Structure formats: C-alpha cells, structure tokens
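In the working numbering, the protein residues as written are 1 to 131. All C-beta atoms, glycine included, are put in the ideal place defined by N, C-alpha and C. Just so we're clear, the structure is a prediction, and the values are computed from it rather than from any experiment. For reference, the structure discussed in these notes is given below.
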C-alpha cells in the first residue's frame with residue numbers, strides 16, 4: 001500500500017519548475033526532527049505533493065518517492081521524481097476551507113517541511129486541483 005506525503009519548498013530556493021526540468025532530485029536539507037522521522041518513513045513509490053511556501057502558499061505538483069531514505073553524512077535524504085504539475089494550484093486558503101483537509105498537518109504545524117497525507121487528503125487535494 002502506498003503512502004502519501006507533502007513536501008514544502010521555498011520556490012526561490014528550489015521550485016517545482018526546477019524539479020520539472022531535472023525530472024528527479026535528492027531531497028535534502030531537512031533538519032527538523034519530526035520532518036526527518038517522516039522522511040525516514042518514506043518508501044519508493046509513495047506519492048508526493050509539492051507545496052510552495054512563501055508568497056505562493058499552494059500545492060503545485062505531484063511526484064513520487066524514487067529511492068529508500070539513506071544517510072548522506074549526518075543527514076537523511078531521499079530521491080524524488082516529478083510526475084505532473086497540478087492543473088490548478090491548490091492554495092492554502094482553499095485547503096483551510098476544505099472540510100476533508102481539516103486534519104492536514106500543514107494547517108496545524110506550519111513549520112513542518114515533510115508531513116504525512118492520508119489517502120482521503122490526497123484525493124481531496126487532487127479534486128480541488130481539477131478546478
């Protein structure tokens with residue numbers, strides 16, 4: 001069974017545009033203890049939502065986990081793959097208004113950069129992205 005995750009990124013540092021161009025990348029730079037626990041729980045094939053923080057504050061695209069987590073020096077990393085840009089970005093305002101997303105950690109823990117997403121939340125975000 002696949003699991004789902006949301007990865008937050010500051011687009012001025014690394015954007016979904018960068019991931020689209022590169023097709024895959026090593027997701028690194030995670031230092032928060034809870035985010036690292038989440039990163040270590042990922043499995044190849046798990047679904048990913050990419051969220052732009054900063055001014056955009058929206059889920060921009062989908063991807064998948066391409067490798068098992070590994071330690072690179074003192075840091076845990078995982079390879080991720082780009083799958084598709086969402087037809088319409090799903091904004092934080094939309095997420096906050098959607099009852100099916102009320103439990104999403106993005107709403108409660110705004111500093112967390114790697115967070116689990118339930119199958120129902122995954123479906124709700126993808127439904128909202130259809131416009």
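In this structure the stretch 63-71 does not touch the stretch 91-110; the number of beta carbon pairs closer than 8 angstroms is below three. DSSP lists 50 and 114 as the beta-bridge partner residues of residue 7.
When Cβ pairs closer than 8 angstroms are counted between the two stretches, the stretch 9-21 is seen not to touch the stretch 39-46, the count staying below three. Counted as a single uninterrupted DSSP element, the alpha helix (DSSP H) harbouring residue 105 occupies residues 105-108.
Within the model, the alpha-carbon separation for residue 125 versus residue 17 is close to 19 angstroms. Along the length of the stretch 28-94, whole alpha helix (DSSP H) runs at least 4 residues long occupy 33-40, reported in chain order. With the rule of 3 Cβ pairs closer than 8 angstroms, the stretch 79-92 counts as touching the stretch 14-34.
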